[in-house]
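Shown next, in structure tokens, is the structure this report addresses.
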DNA sequence: ATGTCC
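So this is what it looks like as structure tokens:
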């Protein structure tokens with residue numbers, strides 16, 4: 083990757099304009115506190131952000147969320163829009179884990195109902211939901227795989243594995259448009275078949291949480307969140323299937339004469355939005371996203387089933403349901419306001435969360451308050467439920483942060499931290515936990531991440547989202 | 001993120 087000289091100008095307390103002196107003079111906007119900006123200013127991520135800003139057909143500004151860090155081509159934490167006629171789509175702008183995302187489940191149970199059974203609950207979940215490299219325990223036919231890729235949660239509903247409420251509480255009904263699931267390679271499908279209803283590894287987790295703090299009473303009530311109640315958060319994606327789709331299409335683009343190569347960084351290879359290549363990648367990406375929505379739905383079902391069995395005597399107090407399920411690694415065609423005009427653009431959100439306020443959610447149950455924005459923290463730290471702010475469209479295409487954001491590389495984490503210290507830290511916080519391997523335990527240590535409270539505060543200060551509720555872990559399962 | 005090098 084070629085570097086250029088970076089200029090950083092503070093335009094508001096949580097808004098920074100990054101610019102470069104190269105011939106295109108690209109600019110990008112970063113939302114961050116001063117402290118976060120100081121921690122990232124010498125990082126490759128800002129250079130990567132300017133490279134994205136110089137891609138063809140970019141519409142409006144390229145934005146970075148406060149949890150920005152270095153990624154493949156595009157930094158994680160990027161929101162970038164491209165013209166629907168002149169622009170591009172880039173697999174590096176979605177990421178290898180297509181529809182990596184979050185589902186949040188409310189239980190209606192109080193922490194006191196659950197705490198005595200926490201160890202048993204975590205052990206049982208660990209047995210039932212394969213994590214790390216463990217394979218799927220359920221068997222789906224080739225025919226079902228095709229249907230999952232084609233119809234997402236509608237397949238689950240047909241099979242009695244999801245109900246109408248699950249679909250209403252999943253963004254876009256958990257189904258992105260796919261005409262031909264044949265755009266997904268046989269190898270990708272094969273990998274997916276062995277991984278349905280699995281958590282994976284890396285930063286993926288399943289957490290039993292307590293609603294620790296309510297910042298917005300009215301909105302939290304609408305979302306079904308009450309202080310002292312138990313929630314379960316699932317953070318996972320499309321597993322090997324999405325990874326294989328990303329690999330397949332990066333290979334195709336690299337072999338094609340019709341793709342848009344990038345001289346600054348080969349990882350930014352793209353396809354013109356109106357090209358056949360772009361159309362094929364969009365189909366495959368949507369199919370992988372549908373698989374991920376189903377993956378989280380099946381894990382959700384298993385969690386609810388396990389809660390019912392473990393807390394039999396509390397069954398009448400249980401009021402389970404999906405608060406929301408969303409993707410934070412995805413590209414989509416959306417209508418946004420740029421320079422006062424409404425335009426269709428292809429939005430890449432890579433490690434960034436859609437945060438539509440009510441008026442952008444017409445026709446859904448979230449048309450008054452906006453949809454929940456789920457922000458998983460790092461292991462053993464808080465997670466948040468946020469909501470979009472009217473006026474955030476010109477600021478971030480109505481997007482916000484997606485997590486705490488990595489500070490140390492995986493490699494740096496391993497050389498600095500020990501698994502024993504991290505286990506001790508979790509135990510001292512009174513958290514029940516199970517981890518598939520100690521390597522990811524170290525790589526995902528809270529010390530490897532930014533402070534999620536500061537990330538969320540930066541998103542608030544920048545006018546992107548408002549905090550609704552803060553959740554803290556009481557049980558953790560790591561891949 | 002990922003059958004962490006087909």
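In my numbering, the protein residues as written are 83 to 561.
We put the beta carbon where it would ideally sit given N, CA and C, even for glycine.
From residue 354 to residue 169, what does the alpha carbon distance come to, in whole angstroms?
The count along the first chain starts at 1 and reaches residue 354 at position 272. The count along the first chain starts at 1 and reaches residue 169 at position 87. The alpha-carbon atoms of residue 354 and residue 169 are separated by roughly 6 Å.
Taking contact to mean at least 3 C-beta pairs separated by less than 8 Å, is the region 117-132 in contact with the region 456-476?
no
Give me the Cβ distance between residue 351 and residue 166, rounded to the nearest whole Å; I'm assuming they're in contact under 8 Å.
Counting from 1 along the first chain, the entry for residue 351 is found at position 269. Counting from 1 along the first chain, the entry for residue 166 is found at position 84. That pair is no contact at about 20 Å.
Can you check the region 248-332 for any beta strand (DSSP E) of at least 3 residues that lies completely inside it and give the ranges in chain order?
287-296, 311-318
Touch test, the region 277-287 against the region 141-154, Cβ-Cβ under 8 Å, three pairs minimum:
no
One or two residues paired with residue 94 in a DSSP bridge
Along the first chain, read from residue 1 onward, the residue named residue 94 stands at position 12. The partner list for residue 94 (beta bridge, DSSP) reads 97.
Let me know if residue 87 comes out buried or exposed under the rule of 16 or more other beta-carbons within 10 Å of its beta-carbon.
As a working note, residue 87 is residue 5 in the first chain. Label assigned to residue 87: exposed.
Can you check the region 157-225 for any alpha helix (DSSP H) of at least 4 residues that lies completely inside it and give the ranges in chain order?
193-197, 200-210
Cα-Cα, which of 408, 514, 479, 293 is closest to residue 464?
Position 382 of the first chain holds residue 464. Taking only the C-alpha atoms, the option nearest residue 464 is 293.
Report the residue from 560, 540, 155 whose alpha carbon sits nearest the alpha carbon of residue 528.
Translated into positions along the first chain, residue 528 becomes position 446. When each option's Cα is compared against that of residue 528, the closest is 560.
Give a yes or no on contact between the region 386-398 and the region 421-439, applying the rule of three or more CB pairs nearer than 8 Å.
no
Could you compute how far the alpha carbon of residue 113 sits from the alpha carbon of residue 162?
Stepping through the first chain from its first residue, residue 113 is reached at position 31. Stepping through the first chain from its first residue, residue 162 is reached at position 80. The straight-line gap from Cα to Cα measures roughly 14 Å.
Compare the beta carbon distance of residue 551 and residue 307 with 7 Å and say whether it is the shorter of the two.
Working through the first chain from its first residue, we reach residue 551 at position 469. Working through the first chain from its first residue, we reach residue 307 at position 225. Against a cut-off of 7 Å, the Cβ pair of residue 307 and residue 551 comes out as a contact.
First and last residue of the uninterrupted alpha helix (DSSP H) at residue 524
Position 442 of the first chain, counted from the first residue, corresponds to residue 524. Unbroken alpha helix (DSSP H) run through residue 524: 520-525.
Cβ neighbour criterion (16 or more within 10 Å) applied to residue 213:
Looking up residue 213 in the first chain gives position 131. Buried is the call here.
Ends of the alpha helix (DSSP H) at residue 552?
If you number the first chain from 1, residue 552 lands on position 470. That residue, residue 552, is in no alpha helix (DSSP H); its beta strand (DSSP E) goes 547-560.
Run through the DSSP bridge pairs and tell me what residue 465 is partnered with.
Numbered from its first residue, the first chain carries residue 465 at position 383. DSSP, once it has assigned bridges, lists 553 as partnering residue 465.
Of the listed residues 196, 271, 255, 190, nearest to residue 224 (C-alpha basis):
Counting from one through the first chain, the residue named residue 224 turns up at place 142. For residue 224, the nearest C-alpha among the options comes from 271.
Taking 7 Å as the limit between beta carbons, can you name the residues of its chain near residue 231, skipping five residues before and five after?
For the purposes of this step, residue 231 is taken as residue 149 along the first chain, with counting starting at 1. Taken in chain order, the residues that qualify are 260, 263, 266, 369, 372, 373.
Let's test the definition: count the other Cβ atoms within 10 Å of the Cβ of residue 220 and tell me whether it reaches 16, buried, or not, exposed.
Locating residue 220 in the first chain gives position 138, where the first residue counts as 1. The residue in question, residue 220, is exposed, as its Cβ has fewer than 16 Cβ neighbours within 10 Å.
Comparing C-alpha positions only, which one of 105, 120, 364 sits nearest to residue 98?
Position 16 of the first chain, counted from the start, is the residue given in the question as residue 98. Closest by alpha carbon: 120.
Answer with buried or exposed for residue 493, where buried requires no fewer than 16 other C-beta atoms within 10 angstroms of its C-beta.
Here residue 493 corresponds to residue number 411 of the first chain, with the count starting at 1. Per the 10 Å Cβ criterion, exposed.
Cβ-based burial, residue 416 [other Cβ within 10 Å; buried from 16]:
One-based indexing of the first chain puts residue 416 at position 334. Answer is buried; the Cβ neighbour count reaches 16.
Could you tell me the distance, in whole angstroms, from the CA atom of residue 291 to the CA atom of residue 209?
By 1-based counting over the first chain, the position of residue 291 is 209. By 1-based counting over the first chain, the position of residue 209 is 127. Using only the alpha carbons, I get a separation of about 19 Å.
Residue 184 versus residue 314 - alpha carbon distance:
Sequence index remark: in the first chain, residue 184 carries index 102 (1-based). Sequence index remark: in the first chain, residue 314 carries index 232 (1-based). Approximately 10 Å, taken between the alpha carbons.
Grab the span of the alpha helix (DSSP H) containing residue 534 for me, first residue to last.
Position 452 of the first chain, counted from the start, is the residue given in the question as residue 534. First-last of the alpha helix (DSSP H) with residue 534: 534-543.
Enclosing beta strand (DSSP E) for residue 416 [first to last residue]:
Here the question's residue 416 lines up with position 334 in the first chain. Counting along the chain, the beta strand (DSSP E) containing residue 416 begins and ends at 411-420.
On the DSSP letters alone, give me the boundaries of the alpha helix (DSSP H) that residue 133 sits inside.
Along the first chain, one-based indexing puts residue 133 at 51. Its alpha helix (DSSP H) spans residues 126-135.
With residue 376 as the anchor, note down where its beta strand (DSSP E) starts and where it stops.
Position 294 of the first chain, counted from the first residue, corresponds to residue 376. Note, residue 376: premise wrong, no beta strand (DSSP E); alpha helix (DSSP H) at 358-392.
Among residues of its own chain, excluding the 5 on either side of residue 400, which ones have a beta-carbon nearer than 8 Å to its beta-carbon?
As a working note, residue 400 is residue 318 in the first chain. Cβ within range, chain order: 189, 190, 191, 389, 390, 393.
Just how far apart, CA to CA, sit residue 195 and residue 186?
In the first chain, residue 195 corresponds to position 113, counting from 1. In the first chain, residue 186 corresponds to position 104, counting from 1. Whole-angstrom Cα-Cα distance: 19 Å.
Between the alpha carbons of residue 342 and residue 174, how many angstroms are there, rounded?
Here residue 342 corresponds to residue number 260 of the first chain, with the count starting at 1. Here residue 174 corresponds to residue number 92 of the first chain, with the count starting at 1. Cα-Cα distance, rounded: 13 Å.
Host beta strand (DSSP E) of residue 109 (start-end)
In the first chain, the residue the question calls residue 109 occupies position 27. Element bounds for residue 109: 109-113.
Which residues in the same chain as residue 575 place their Cβ atom closer than 7 Å to its Cβ, once the five residues preceding and following it in sequence are excluded?
This structure does not reach residue 575, given that the chain is present from 83 up to 561, and the question cannot be answered.
Going residue by residue through the region 421-479, where are the continuous alpha helix (DSSP H) segments of at least 4 residues, counting only ones entirely within it?
475-478
Between which residues of its own chain and residue 450 is the CB-CB distance below 8 Å, once the five residues before and five after are set aside?
Indexing the first chain from 1 puts residue 450 at position 368. Counting only Cβ-Cβ distances below 8 Å, and skipping sequence neighbours, we find 304, 440.
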